[in-house]
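K.L.:
Got a structure for you, written out below as structure tokens; questions coming shortly.
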Amino acid sequence: MAIESIGGSLVSKIAELLVEPVIKRFRYMFCFNNFVQEFNEQVRSLVLALYDLQVAVDDATRNAEEIDIYVNTWLEDAKKALALYGLQDAVNVATKNAEEIEIDVNKWLEDARNEMEGVNRLENEKGKNGKCFTWYPKWIRQFKLSKALVKKTETLRKLEEKSKKFQKVAHKAPLQDIEFLPSKEFTPSESSKEAFEQIMKALKYDNVNMIGLYGMGGVGKTTLVKEVGRRAKETELFDEVLLATVSQNPNVMYIQDRMAESLGLHLDEKTTEGRANRLWQRLKTEKKLLVILDDVWQDVDLKEIGIPFGDDHRGCKVLLTTRRRDICSYMKCQPIVFLRILSENEAWALFKINAGLSDEDFKLNTVAKKVARECQGLPIALVTVGRALRGKSTTEWEVASRKLKNSQLQHMERIGEQKNTYACLKLSYDYLKHEETKLCFLLCCLFPEDYNIPIEDL
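Under the UniProt record's numbering, the first residue of the sequence shown carries the number 1, and numbering increases by one thereafter.
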């Protein structure tokens with residue numbers, strides 16, 4: 001009885017294995033239209049899946065996010081699969097705008113059969129005979145096409161199923177600090193080269209952790225430390241380089257946010273202390289770290305911001321800029337680097353470039369040199385005044401020279417040695433062409449120093 005049962009099961013299994021392939025082959029010949037329909041439906045599903053994913057990818061790209069490698073791989077595979085089967089139109093449909101998709105998908109589906117080799121001819125042949133199947137020799141081609149359609153349909157189905165597994169298509173890309181991109185503003189002078197070399201040399205010493213750069217306002221300190229940061233990143237001297245502006249009235253939360261953005265760190269804590277702890281923990285993970293604090297006017301409490309320093313993090317170095325040498329001493333900077341003003345020849349060369357002057361116009365150059373001297377070797381003044389007077393007549397240059405020479409600024413307190421800088425900026429303001437531009441400039445003055453002013457607020 002047991003033997004009969006085993007024998008019956010064996011016979012049944014053998015019959016199943018023999019019959020199923022035969023049935024499948026008969027379906028290849030008799031159910032060609034069904035295979036064509038299934039293939040068309042699967043193509044439609046894949047096209048829509050491809051479109052949906054492409055929309056999500058495009059949206060993420062516009063938001064400066066990095067697309068996950070698996071998503072890009074799937075998109076390539078889907079497009080290749082459709083193109084491989086002569087369905088390039090489907091790929092084009094999947095990348096069109098949303099309002100066009102339904103129309104184009106339907107239009108493409110109408111022509112899909114014409115895109116498949118042999119389908120149209122088989123349909124015509126079938127119409128002539130009025131039957132689903134004919135013993136005409138072309139049945140061999142129909143058999144082969146049916147078999148191929150089943151295989152293609154399964155390939156497309158697997159691709160579509162895979163697309164449903166993507167929970168997200170992209171992730172936030174690490175922010176690239178544009179401060180450290182190559183800048184045309186950095187024009188090396190003897191003073192800046194000397195200061196640059198001193199700073200780069202000090203950064204390589206293990207026993208140096210605080211460097212101070214001081215000099216007059218407008219002499220180019222910010223531009224120089226940005227170049228230092230760029231070079232430090234380029235040469236991989238540090239794992240991370242962060243820059244934040246401190247200013248006269250430090251906003252600790254703003255400084256924390258600026259550093260966190262560069263690190264891709266989210267500070268969800270509400271208090272300054274909580275945010276400082278979070279930033280501290282994150283910075284401790286960096287083996288070699290350079291923090292640039294620009295425009296420092298008073299002693300900075302690094303722990304209040306969340307910057308591990310000294311024995312807390314021997315790999316962290318701080319580079320600060322200030323107008324006052326005593327700040328460098330108070331912050332125990334070592335070394336203290338001084339950035340001098342430009343020499344007369346360097347100042348004239350920079351001024352000529354920005355004013356667009358040529359050597360041929362002797363009379364204009366004579367007046368222009370007087371104007372350049374009033375800028376007292378300060379790059380910000382030389383650039384600002386030069387650009388303001390670019391293309392002006394000799395008469396206008398003479399008027400500008402007298403204005404700078406006779407400027408009083410009696411209503412501005414505590415400007416001291418910065419008198420000429422303010423006079424140069426005032427001249428640049430006076431030469432603005434439109435009253436609306438001047439009003440916009442004055443509105444900007446109402447905001448705090450170093451404030452990021454949204455255009456909508458103006």
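For glycine and all other residues, C-beta sits at the position ideal for the given N, C-alpha and C.
The structure presented is a predicted model; accordingly, all values stated were derived computationally and were not measured.
What does a CB cutoff of less than 6 Å around THR322 pick up in its chain, not counting 5 residues either side in sequence?
P.N.:
Counting from one through the sequence shown, the residue named residue 322 turns up at place 322. Only TYR214 and VAL296 meet the Cβ criterion.
K.L.:
Please report how far the alpha carbon of LEU242 lies from the alpha carbon of GLU396, in whole angstroms.
P.N.:
Position 242 of the sequence shown, counting from 1, holds the residue named residue 242. Position 396 of the sequence shown, counting from 1, holds the residue named residue 396. Between LEU242 and GLU396, the C-alpha separation is close to 44 Å.
K.L.:
Once the 5 residues before and after GLY386 are set aside, which same chain residues still bring their CB inside 7 Å of it?
P.N.:
Here residue 386 refers to the residue found at position 386 when the sequence shown is read from its first residue. Cβ neighbours of GLY386 beyond the five flanking positions: PHE351, ASN354 and ALA355.
K.L.:
Let me confirm a value: TYR51 is counted as buried when at least 16 other C-beta atoms fall within 10 Å, else exposed. Which label applies?
P.N.:
By one-based count along the sequence shown, residue 51 stands at place 51. The residue in question, TYR51, is buried, as its Cβ has 16 or more Cβ neighbours within 10 Å.
K.L.:
Taking the alpha carbon of VAL208 as the reference point, which residue from GLY218, LYS332, ASP268 and LEU156 has its own alpha carbon closest?
P.N.:
Along the sequence shown, one-based indexing puts residue 208 at 208. Considering only alpha carbons, the answer is LYS332.
K.L.:
Do you know offhand how far PRO250's Cα is from LYS270's?
P.N.:
For the purposes of this step, residue 250 is taken as the residue at position 250 of the sequence shown. For the purposes of this step, residue 270 is taken as the residue at position 270 of the sequence shown. Whole-angstrom Cα-Cα distance: 18 Å.
K.L.:
Among GLU160, LEU319 and GLU240, whose alpha-carbon lies nearest the alpha-carbon of MET200?
P.N.:
Position 200 of the sequence shown, counted from the first residue, corresponds to residue 200. Nearest C-alpha to MET200: LEU319.
K.L.:
Looking at C-beta atoms only, is the number of pairs between the segment 228 to 242 and the segment 372 to 379 that lie closer than 8 Å three or more?
P.N.:
Contact fails: fewer than three Cβ-Cβ distances are below 8 Å.
K.L.:
Starting from the Cα of LYS226, find the closest Cα among HIS266, LEU293 and LYS287 and give me that residue.
P.N.:
For the purposes of this step, residue 226 is identified with residue 226 of the sequence shown, where counting begins at 1. Among HIS266, LEU293 and LYS287, the Cα nearest to that of LYS226 belongs to LEU293.
K.L.:
Let me know the alpha helix (DSSP H) ranges lying completely inside the segment 287 to 328, each 4 residues or longer, listed in chain order.
P.N.:
Within the segment 287 to 328, the complete alpha helix (DSSP H) runs of at least 4 residues are 302 to 305.
K.L.:
Going by other Cβ atoms of all chains shown within 10 Å of its Cβ, with 16 needed for buried, is THR384 buried or exposed?
P.N.:
As a working note, residue 384 is residue 384 in the sequence shown. Buried, since its Cβ has 16 or more Cβ neighbours within 10 Å.
K.L.:
Quick one: what does DSSP say ILE336 is sitting in, helix, strand or coil?
P.N.:
Sequence index remark: in the sequence shown, residue 336 carries index 336 (1-based). Strand, per DSSP.
K.L.:
Assign ARG275 to one of two classes, buried (16 or more other C-beta atoms within 10 Å of its C-beta) or exposed (fewer than that).
P.N.:
By 1-based counting over the sequence shown, the position of residue 275 is 275. By the neighbour-count rule (16 or more Cβ atoms within 10 Å), ARG275 is buried.
K.L.:
Given this structure, state the Cα-to-Cα distance separating residue 464 from ASN34, to the nearest angstrom.
P.N.:
Residue coverage of the chain in this structure runs from 1 to 458, which leaves residue 464 outside it and unanswerable.
K.L.:
Is it true that the segment 146 to 164 meets the segment 298 to 308, where meeting means three or more beta-carbon pairs spaced less than 8 Å apart?
P.N.:
Verdict: no, contact absent.
K.L.:
Opposite ALA244 in the DSSP bridges: which residues?
P.N.:
Counting from one through the sequence shown, the residue named residue 244 turns up at place 244. ALA244 is bridged to LEU293.
K.L.:
Less than 8 Å between the C-beta atoms of LEU283 and PRO308, yes or no?
P.N.:
In the sequence shown, counting from the first residue as 1, residue 283 sits at position 283. In the sequence shown, counting from the first residue as 1, residue 308 sits at position 308. Closer than 8 Å, so yes.
K.L.:
To the nearest angstrom, report how far apart SER262 and LEU404 are at their CA atoms.
P.N.:
Taking the first residue of the sequence shown as 1, we reach residue 262 at position 262. Taking the first residue of the sequence shown as 1, we reach residue 404 at position 404. One C-alpha to the other measures close to 41 Å.
K.L.:
I'd like to know whether the C-beta atoms of ALA368 and LEU382 end up nearer to each other than 8 Å.
P.N.:
As a working note, residue 368 is residue 368 in the sequence shown. As a working note, residue 382 is residue 382 in the sequence shown. Cβ atoms of ALA368 and LEU382: not closer than 8 Å.
K.L.:
Taking LYS165 as the reference, give the member of HIS313, SER192 and ALA49 with the closest Cα.
P.N.:
On the sequence shown, position 165 is the one that residue 165 refers to. Nearest option by C-alpha distance: ALA49.
K.L.:
For LEU446, count neighbouring C-beta atoms within 10 Å of its own C-beta (all shown protein chains included) and say buried if the count is 16 or more, exposed if not.
P.N.:
To locate residue 446, count along the sequence shown from 1; it is residue 446. Looking at its Cβ environment, which holds fewer than 16 other Cβ atoms inside 10 Å, LEU446 is exposed.
K.L.:
Between the Cα of THR155 and those of ASN72, LEU46, TYR429 and ASP326, spot the shortest distance and give me the residue it belongs to.
P.N.:
Against the sequence shown, residue 155 aligns to sequence position 155. Checked all of ASN72, LEU46, TYR429 and ASP326; the closest Cα to THR155 is LEU46.
K.L.:
By how many angstroms is the C-alpha of SER428 removed from the C-alpha of CYS444?
P.N.:
Walking along the sequence shown from the start, residue 444 turns up at place 444. Walking along the sequence shown from the start, residue 428 turns up at place 428. In a straight line, the C-alpha of CYS444 is about 16 Å away from that of SER428.
K.L.:
Does DSSP put TYR330 in a helix, in a strand, or in coil?
P.N.:
Against the sequence shown, residue 330 aligns to sequence position 330. DSSP places TYR330 in helix when its eight states are reduced to three.
K.L.:
Assign LEU442 to one of two classes, buried (16 or more other C-beta atoms within 10 Å of its C-beta) or exposed (fewer than that).
P.N.:
Counting from one through the sequence shown, the residue named residue 442 turns up at place 442. Counting Cβ neighbours within 10 Å, LEU442 comes out exposed, since fewer than 16 surround it.
K.L.:
Could you tell me which residues DSSP puts in a beta bridge with MET210?
P.N.:
Walking along the sequence shown from the start, residue 210 turns up at place 210. Its beta-bridge partners are VAL318.
K.L.:
Decide if PHE362 is buried, meaning its Cβ has at least 16 other Cβ atoms within 10 Å, or exposed.
P.N.:
Within the sequence shown, numbered from 1, the residue matching residue 362 stands at position 362. The residue in question, PHE362, is exposed, as its Cβ has fewer than 16 Cβ neighbours within 10 Å.
K.L.:
With C-beta atoms as the reference, is ARG189 less than 8 Å away from GLU360?
P.N.:
Walking along the sequence shown from the start, residue 189 turns up at place 189. Walking along the sequence shown from the start, residue 360 turns up at place 360. The sequence given here places Ser at residue 189; Arg does not occur at that position. Cβ distance not < 8 Å, so SER189 and GLU360 don't count as in contact.
K.L.:
Can you give me the C-alpha to C-alpha distance between residue 459 and VAL57, rounded to a whole angstrom?
P.N.:
The chain is shown from 1 up to 458; residue 459 falls before or after that span and cannot be answered.
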